[in-house]
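Numbers 173 to 316, taken from our numbering, label the letters of the sequence shown in order. Let me begin by presenting the structure, written as structure tokens, before commenting on it.
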Amino acid sequence: MFFNLLNNRFSDPWGSESYPGIWKNMDILGGVTSKYAKSPVNVYSNDEEVIVSIFAPGVLLENIDIGIEEKVLSVGVKSGKQEFEGFEVLRSEISDKNFTRKLELPFEVESEKVEAKYVNGVLTIQLPKSEKLKPKKVQIKVEN
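Written as structure tokens, this is what we have:
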């Protein structure tokens with residue numbers, strides 16, 4: 173437990189778990205209210221596949237790049253800044269930053285069978301487990 177606590181302090185020194193009140197009033201600095209400078213990610217796994225969901229609202233499909241190298245999933249997103257000609261910006265909280273998320277997967281995947289869909293601002297990627305890693309059932313032969 174001590175090492176987990178110590179690891180959390182060094183891996184996320186300013187995160188909300190280490191200092192719960194640190195992000196509370198950060199919107200006075202321009203809208204930074206979360207420890208997620210990038211985009212939040214959920215990762216789910218079972219014996220057959222991994223599912224990764226990435227929150228990326230308002231992004232055009234052609235601005236999303238997904239790549240897999242060995243056991244690392246890379247998702248790049250180019251955000252576009254919305255501008256209105258003849259208007260002055262009074263408040264800007266919607267991020268227009270490009271970001272890349274690299275996630276280490278728990279096992280190798282069949283990259284040619286990966287599927288992705290983008291619905292309601294959430295990118296969902298299904299990554300099937302490599303066939304060579306799946307358990308094989310062995311038939312027993314009966315000899316007379």
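All C-beta atoms in this analysis are idealised placements derived from N, C-alpha and C, irrespective of residue type, glycine included.
Contacts around residue i, its chain only, beta-carbon distance under 7 Å, and the 5 residues preceding and following it disregarded
i	result
GLU276	LYS243 and VAL244
LYS269	SER251
LYS309	none
GLU220	PRO300 and LYS301
SER217	PRO278
Contact belief for residue i with residue j at Cβ below 8 Å, rounded distance in angstroms
i	j	result
VAL320	VAL222	Because the chain here runs from 173 to 316, residue 320 falls outside it and cannot be looked at.
VAL247	ARG273	5 Å
GLU287	GLN298	5 Å
Status (buried if at least 16 other CB within 10 Å, exposed otherwise) for residue i
i	result
VAL224	buried
LYS301	buried
VAL314	exposed
VAL281	buried
ILE194	With a pLDDT of 47 at ILE194, under the threshold of 50, the modelled position of that residue is not reliable, and the figure given next carries that caveat. Per the 10 Å Cβ criterion, exposed.
Neighbourhood of residue i by C-beta distance below 6 Å, restricted to the same chain and skipping five residues each side
i	result
THR296	SER225 and LYS289
GLN311	none
ILE240	SER283
LYS304	none
Sequence-distant residues of the same chain with beta carbon closer than 8 Å to residue i, five excluded per side
i	result
GLU211	Going by the sequence as given, residue 211 is Ser instead of Glu. For SER211, where only same-chain residues beyond five positions count, the Cβ hits under 8 Å are ILE226, PHE227, ALA228, VAL249, PHE271 and ARG273.
Checklist entry - Does the region 249 to 269 come close enough to the region 225 to 240 that 3 or more CB-CB pairs lie under 8 Å? => result yes
Checklist entry - Quick one: complete beta strand (DSSP E) runs, 3+ long, within the region 210 to 239? => result 213 to 217 and 221 to 227
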